[in-house]
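Chemist:
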Amino acid sequence: MPLRVRLTLWYGTVLALVLIVFSVVLYAITARNLRDTVDESLEDTATTAVRLLETNGFLPLIDEEVLLSQFPELTRIDKFFQIFSPSGTITIRSPNIKQHEVPLSRTALDAAFAGQSIYESAKYPKEPPLRLISMPIMYRGNLLYIVQVGTSMESVGETLHRFLVLVLVAIPIALAVSLAGGWFLAGRALRPVDRITLAAQRIAAGDLSQRLSMPGAHDEIGRLAATFNNMIGRLDASFRQIRQFTSDASHELRTPLTVMKGETDLVLRKSRPLEDYKAVLESNLEEIDRMTRIVDELLFLSRADMGEVKVESMPVALQSLVEDVHRQAKLLGHDRNIEVVLGTVMPVIVQGDDLRLRELLLNLVENAMKYSNSGGKVEISLLKDGQEARLSITDHGIGIAEADHKKIFQRFFRTDVARAHTKKGTGLGLAICAWIADLHQGRVEVKSALGQGSTFTVVLPLSTLPA
Numbered sequence: 007m008p009l010r011v012r013l014t015l016w017y018g019t020v021l022a023l024v025l026i027v028f029s030v031v032l033y034a035i036t037a038r039n040l041r042d043t044v045d046e047s048l049e050d051t052a053t054t055a056v057r058l059l060e061t062n063g064f065l066p067l068i069d070e071e072v073l074l075s076q077f078p079e080l081t082r083i084d085k086f087f088q089i090f091s092p093s094g095t096i097t098i099r100s101p102n103i104k105q106h107e108v109p110l111s112r113t114a115l116d117a118a119f120a121g122q123s124i125y126e127s128a129k130y131p132k133e134p135p136l137r138l139i140s141m142p143i144m145y146r147g148n149l150l151y152i153v154q155v156g157t158s159m160e161s162v163g164e165t166l167h168r169f170l171v172l173v174l175v176a177i178p179i180a181l182a183v184s185l186a187g188g189w190f191l192a193g194r195a196l197r198p199v200d201r202i203t204l205a206a207q208r209i210a211a212g213d214l215s216q217r218l219s220m221p222g223a224h225d226e227i228g229r230l231a232a233t234f235n236n237m238i239g240r241l242d243a244s245f246r247q248i249r250q251f252t253s254d255a256s257h258e259l260r261t262p263l264t265v266m267k268g269e270t271d272l273v274l275r276k277s278r279p280l281e282d283y284k285a286v287l288e289s290n291l292e293e294i295d296r297m298t299r300i301v302d303e304l305l306f307l308s309r310a311d312m313g314e315v316k317v318e319s320m321p322v323a324l325q326s327l328v329e330d331v332h333r334q335a336k337l338l339g340h341d342r343n344i345e346v347v348l349g350t351v352m353p354v355i356v357q358g359d360d361l362r363l364r365e366l367l368l369n370l371v372e373n374a375m376k377y378s379n380s381g382g383k384v385e386i387s388l389l390k391d392g393q394e395a396r397l398s399i400t401d402h403g404i405g406i407a408e409a410d411h412k413k414i415f416q417r418f419f420r421t422d423v424a425r426a427h428t429k430k431g432t433g434l435g436l437a438i439c440a441w442i443a444d445l446h447q448g449r450v451e452v453k454s455a456l457g458q459g460s461t462f463t464v465v466l467p468l469s470t471l472p473a
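Numbering of the sequence shown is given in the numbering used here, commencing with residue 7 and proceeding in unit increments.
Written out as structure tokens, the structure is:
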């Protein structure tokens, strides 16, 4: 069942219950008020009759004509009176009641002897109900008379009947109008949801450029649209990144394969000396090693993206780690005619994974040596700056243009200068470094200019625990 229909039905059901309860309560209040009005009128008439008897000295016999002349309102068709003796015998009654016998009830008689007035209702076949008040006349503690005044409740019944008919007609009309209004308002309220649905359908067809336009909407629908647009924006960016990543990965893997195929085709065109075959195989092996590094780093980043890389969290003494990496880097630098030196190294402790931090530092040092010229120098330093550790690797190599500072941490990105300088890079090392730094609530900063070398600084928060 559509949401619009459900909302309208829920609204209609609740409204119908409210109208019914309200009508029942209003009917009961109206009936009570009408009865109270009748009771007040009866009490006023009975009180007047009692006063008349009092002014006549409580004469035991009062002429009926005298009473009627004193109380012309008692001759009305809708009101009557009776006067009973203490034994319950009628002494006087108005003419308009002679067609019926309205005896004094035992309850009214008992109440009269107790000096209390009482209201009662009486019902006769084929006649409207009556409302009665029985009021005692006491003298020196003795019951002299009981005055009873009554009236027909026909007018009250007619009023309540008209009210009931009005309610039975008004409720369906009000409900129908409300349902129509609810249907319209539900459709209007759900219109943005329909737009979201249409946009989602277009997105499902592959169009991630779709966005919801909700000008000036600051309600739940507006927040939903903003969240939807934000989600689609992230999806669009992710798909673009995936497409770019796939393209870059294909390019990086195709290049060594093309080199290998070209060299192999060339050497197989004619018979050549053994040294030529050996040179081609060595070149192919170098390209295979490069592809292996690319695949390994891709697998690592893929596992990292899925959260499958296990990371320890413990205090790590960066000073010892830097000194260990420096010893390894000196051996690598010696083979490449690059000097690796230690600058200022302070005792610093951070919270993290020793293996991943070691990998981060090695990647940056190897990167510095890779893009340094023969005879160059790479410097490693470790400083404490407030509540942060700053691990810097400085080289004097080819440098990086300022426009590329943010791009170098993207996967497979390599500057043209870097590609011309060496073919050994994969374009993934700095992306891995940035991921490791981010994992440790840190960051990698770069300061570089073309032809003036580079300084990569890893900024990490200090640990509050001892190593």
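Glycine is no exception: its CB is placed at the ideal position from the N, C-alpha and C atoms.
1. Please name the residue in 249, 347, 89 and 363 whose C-alpha comes closest to that of residue 444.
2. Per DSSP, what kind of secondary structure is residue 466 in: helix, strand or coil?
3. Could you spell out the range, first to last residue, of the beta strand (DSSP E) harbouring residue 86?
4. Taking a contact to mean a Cβ-Cβ separation below 8 Å, would you say residue 354 touches residue 388 in this structure?
5. Would you decide whether residue 393 is buried or exposed? Buried here means 16 or more other CB atoms lie within 10 Å of its CB.
6. Express the C-alpha separation of residue 374 and residue 197 in angstroms, rounding to a whole number.
7. Assign residue 316 to buried or exposed, taking buried as 16 or more other Cβ atoms, counted over all protein chains shown, within 10 Å of its Cβ.
8. So, at 8 Å on beta carbons, what are the nonlocal neighbours of residue 67 in its own chain, with the 5 sequence-adjacent residues on each side left out?
9. Given a threshold of 16 other Cβ atoms within 10 Å of its Cβ, counted over all protein chains shown, does residue 151 qualify as buried or as exposed?
10. Kindly list the residues whose CB is nearer than 7 Å to the CB of residue 413, restricted to its own chain and excluding five residues on each side of it in sequence; keep chain order.
11. The ligand ATP heavy atoms versus the CB of residue 206: any closer than 7 Å?
12. So, residue 318 versus residue 289, is the Cβ gap smaller than 8 Å?
13. Would you kindly report the start and end of the unbroken beta strand (DSSP E) that includes residue 417?
14. With burial defined as no fewer than 16 other Cβ atoms inside 10 Å of the residue's Cβ, what is the status of residue 182: buried or exposed?
15. Within a Cβ cutoff of 8 Å, which residues of the same chain sit near residue 177, ignoring the five residues on either side of it in sequence?
16. Should residue 234 and residue 214 be called a contact, given that it needs their Cβ atoms to be closer than 8 Å?
17. Closer than 7 Å by C-beta to residue 165: which residues in its own chain qualify, once you throw out the five before and the five after it? Chain order, please.
18. So, at 7 Å on beta carbons, what are the nonlocal neighbours of residue 118 in its own chain, with the 5 sequence-adjacent residues on each side left out?
19. Please state if the CB of residue 127 and the CB of residue 136 are separated by a distance shorter than 8 Å.
20. With DSSP as the reference, label residue 235 as helix, strand or coil.
21. Can you name the start and end residues of the beta strand (DSSP E) that residue 159 belongs to?
22. Mind checking who residue 145 pairs with in its DSSP beta bridge?
23. Between residue 455 and residue 415, which are expected to be in contact by the criterion C-beta below 8 Å, what is the C-beta distance as a whole number of angstroms?
24. Less than 8 Å between the C-beta atoms of residue 121 and residue 110, yes or no?
Modeler: With the structure as the only source:
1. Shortest Cα-Cα distance from residue 444 to any of 249, 347, 89 and 363 involves 363.
2. Assignment of residue 466 by DSSP, reduced to helix, strand and coil, places it in the strand class.
3. Counting along the chain, residue 86 sits inside the beta strand (DSSP E) bounded by residues 85-90.
4. With respect to residue 388, residue 354 sits close: the two C-beta atoms are nearer than 8 Å.
5. Around the Cβ of residue 393, a 10 Å sphere holds fewer than 16 other Cβ atoms; the residue is exposed.
6. As the crow flies, the alpha-carbon of residue 197 is around 58 Å from that of residue 374.
7. Residue environment: residue 316 is assigned as exposed (fewer than 16 neighbouring CB atoms within 10 Å of its CB, all protein chains considered).
8. Its pLDDT being 48, under 50, residue 67 is placed unreliably in this model, and the value from its coordinates should be taken loosely. So the list reads 97, once near-sequence residues are dropped.
9. When all chains shown are included, residue 151 counts as buried.
10. If we look at residue 413 and ignore the five residues flanking it on each side, its Cβ neighbours are 419.
11. With respect to the ligand ATP, the structure offers nothing, as it holds no ligand at all.
12. Against a cut-off of 8 Å, the Cβ pair of residue 289 and residue 318 comes out as no contact.
13. Taken as a continuous stretch (DSSP letters only), residue 417 belongs to no beta strand (DSSP E), as it is neither H nor E.
14. So residue 182 ends up on the exposed side.
15. The answer, listed in chain order, is 22, 25, 26 and 29.
16. In this structure, residue 214 does not lie closer than 8 Å to residue 234 by Cβ.
17. Correct list, in chain order: 40.
18. The beta carbon of residue 118 sits closer than 7 Å to those of 140, 142, 149 and 152, all from its chain and outside the five residues before and after it, given in chain order.
19. Yes. Within cutoff.
20. It is helical.
21. Annotation: residue 159 is outside any beta strand (DSSP E) and is labelled neither H nor E by DSSP.
22. When DSSP reads this structure, residue 145 sits in a beta bridge with 148.
23. Contact doesn't hold; Cβ gap of about 18 Å is too wide.
24. Residue 110 sits away from residue 121, with the two beta carbons spaced by 8 Å or more.
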